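S.K.: Input: one structure, supplied below.
There are 2 protein chains.
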Amino acid sequence: MPNPSAAMLVIGDEILSGRTRDANMHYLAGQLTERGIDLKEVRVVSDDPDAIVAAAKALSQGYDHVFTSGGIGPTHDDITADCIAAAFGAAIDVRDDARALLQAHYDRSGQELNAARLRMARIPDGAKLIDNPVSTAPGFSLGNVHVMAGVPSVFQAMVASILPTLTGGAPLLSRTLRLVRGEGDIAGPLGQFASDYPMLSVGSYPFQKDGVYGSNIVVRGSDVHELEQAMAALAAIFDV
Amino acid sequence: MPNPSAAMLVIGDEILSGRTRDANMHYLAGQLTERGIDLKEVRVVSDDPDAIVAAAKALSQGYDHVFTSGGIGPTHDDITADCIAAAFGAAIDVRDDARALLQAHYDRSGQELNAARLRMARIPDGAKLIDNPVSTAPGFSLGNVHVMAGVPSVFQAMVASILPTLTGGAPLLSRTLRLVRGEGDIAGPLGQFASDYPMLSVGSYPFQKDGVYGSNIVVRGSDVHELEQAMAALAAIFDV
């Protein structure tokens with residue numbers, strides 16, 4: 069059985085304007101790979117309701133899981149929860165369970181649960197809350213879409229909350245052979261090798277460092293024995 | 069007249085598996101913002117022909133420009149050029165102008181222009197070459213899609229080759245006000261401010277550092293006077 073598939077939807081003008089460098093994609097990619105869930109696509113869209121709704125619908129229909137980051141805080145530009153509700157045709161309002169979490173949190177810190185903060189308790193009907201041990205305001209899962217915060221520490225905590233609840237497949241393993249030869253020199257035999265091991269994924273990633281051209285050959289698969297055998301064959305091909 | 073719109077298509081299993089952290093998105097975003105071209109969407113897809121063709125078609129139809137990175141080297145997993153040709157229904161083969169560039173390059177370095185390297189001269193009919201001052205093998209523009217390498221140094225050189233040939237709009241300027249107050253405290257008046265300046269984009273980006281919660285308020289627009297006036301009003305609202 070193939071591994072479950074996943075997509076990520078990053079919401080944020082700050083990424084698209086170049087102001088902020090996204091950190092969540094790389095983190096989620098590594099976590100999903102370890103869990104045996106194959107990340108197949110990432111989309112980054114701006115803080116535009118139509119764009120968010122359209123992307124959420126397309127990715128929800130195309131993949132087993134969708135993970136979103138960004139746009140669930142208390143300010144006017146935090147529109148993700150409402151957009152995901154719209155994508156599923158679900159009603160959304162302040163929900164008692166989320167409000168209770170926030171009320172307890174702000175009572176402890178002596179702050180007021182004002183109208184802005186209460187926006188973070190807007191949860192679509194039928195959604196399941198995602199625990200946020202960092203700053204309390206929860207994420208949620210609606211259908212196969214898991215809605216999480218954009219602040220990296222909170223995003224990572226939410227990923228840690230949700231991932232153990234999802235069924236993974238066989239973790240994808242990878243091995244790398246570093247060759248100090250340009251891609252043009254190795255492409256022929258490498259292509260033959262890739263054909264010989266159709267169950268493995270074979271990628272070539274060129275590098276250039278201190279004037280030296282080389283290639284990292286990355287071989288991926290979920291069967292450790294097949295992988296080790298292939299790496300031995302690869303080393304023999306390139307005489308290293 | 070609104071600024072031209074753009075999308076980016078990142079091609080690469082290595083990003084989606086978490087092995088490599090993409091660097092090109094952040095670079096392109098900053099360059100386009102300076103040039104007055106609005107980056108509206110980014111998609112990252114795997115080394116899968118159907119996925120690449122579908123994304124290229126959708127983005128090409130949806131935006132004024134599409135910039136791709138990755139998958140134009142000499143190895144078996146470099147399939148971007150063929151996929152972009154397929155997306156436009158264009159024929160593709162080794163083209164004389166690209167072959168001549170490569171032949172001269174490898175003659176200089178005393179290397180053989182073998183079958184693998186010749187793959188880098190596969191250019192769709194009707195495409196215009198993009199200069200690669202780093203490692204010679206060219207990118208190309210076909211229709212409104214600009215196809216570039218994934219290696220960051222080469223990607224950046226190709227961006228420098230292509231951007232001056234594109235018509236930009238008014239550069240998007242941004243100003244940031246750093247507030248050492250949580251988003252929940254400022255969201256009310258900030259939302260009102262955003263409504264008062266509909267021509268400006270107002271974003272709030274929370275941070276947490278050394279136990280201090282704060283927010284960076286980023287205001288964007290292309291009219292410097294309007295922007296400065298708004299920032300003065302914003303400082304007055306928050307008494308800083």
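Those protein sequence lines, which keep their order, are chains A and B.
With my numbering, the residue at position 115 of the first sequence is 183, and numbering never jumps.
With my numbering, the residue at position 77 of the second sequence is 145, and numbering never jumps.
Where a beta carbon is used, it is the ideal one built from N, C-alpha and C, also for glycine.
From a predicted model like this one, the values you see are computed outputs, not experimental measurements.
1) Does the beta carbon of B:Gly139 sit closer than 8 Å to a beta carbon anywhere in chain A?
2) Can you tell me where the beta strand (DSSP E) with B:Ser137 in it begins and where it stops?
3) Please report the straight-line C-alpha distance between B:Glu294 and A:Asp145, rounded to a whole angstrom.
4) Less than 7 Å between C-beta atoms, sequence neighbours within five positions excluded: which residues of the same chain meet that for A:Ser221?
5) Which of the three DSSP states, helix, strand or coil, is assigned to B:Asp161?
6) Using a Cβ-Cβ cutoff of 9 Å, what residues of the region 74-86 of chain B are near chain A? List them in chain order.
7) Do A:Gly289 and A:Asn71 have their CB atoms nearer than 8 Å?
8) For chain B, check one thing: does any of its Cβ atoms lie closer than 8 Å to the Cβ of A:Thr101?
9) Measure the alpha-carbon distance for A:Gln171 versus A:Gly141 and round it to whole angstroms.
10) Thinking C-alpha only, which one of B:Asp199, B:Ala195, B:Thr233 is nearest B:Ala153?
11) List the DSSP bridge partners of A:Ile285.
12) Applying a beta-carbon distance threshold of less than 7 Å, which residues of chain B neighbour A:Leu127?
13) Using alpha carbons as the reference points, say which of A:Lys125, A:Gly138, A:Gly104 lies closest to A:Met216.
14) If the criterion is Cβ atoms closer than 8 Å, does the pair B:Val134 and B:Val110 meet it?
15) Locate the alpha helix (DSSP H) running through A:Val202, then write down its first and last residues.
16) Quick test of your reading: B:Ala158 and B:Pro117, contact by CB under 8 Å. State the CB separation rounded to the nearest angstrom.
17) Thinking C-alpha only, which one of A:Ser272, A:Ala189, A:Ser114 is nearest A:Pro206?
18) Pick helix, strand or coil for B:Ala91, following the three-state DSSP scheme.
19) Strictly below 9 Å CB to CB, what residues from chain B border A:Glu251?
20) Three-state secondary structure (DSSP) at A:Ala75?
21) Could you check whether B:Gly250 and B:Ser283 sit closer than 8 Å to each other, using their CB atoms as the reference points?
22) Just the chain B side, please: which residues come within less than 9 Å of A:Lys108 by C-beta, in chain order?
23) Take every Cβ of the region 225-244 of chain B, pair it with every Cβ of the region 291-307 of chain A, and state whether three or more of those distances are shorter than 8 Å.
M.R.: Straight from the coordinates:
1) no
2) 133-137
3) 20 Å
4) Val202
5) strand
6) Met76, Val78, Gly80, Asp81, Glu82, Ile83, Leu84, Ser85, Gly86
7) no
8) yes
9) 16 Å
10) B:Ala195
11) A:Leu245, A:Ser272
12) Per Cβ cutoff of 7 Å: no residues; A:Leu127 is ~10 Å from chain B at best.
13) A:Gly138
14) no
15) Unbroken run through A:Val202: none, as it is neither H nor E.
16) Going by Cβ atoms, the distance from B:Ala158 to B:Pro117 rounds to 15 Å, so no, they are not a contact pair.
17) A:Ala189
18) coil
19) Gly141, Pro142, Thr143, Asp146, Ala184, Arg185
20) strand
21) yes
22) Leu84, Val113, Ser114, Asp116, Ala119
23) no
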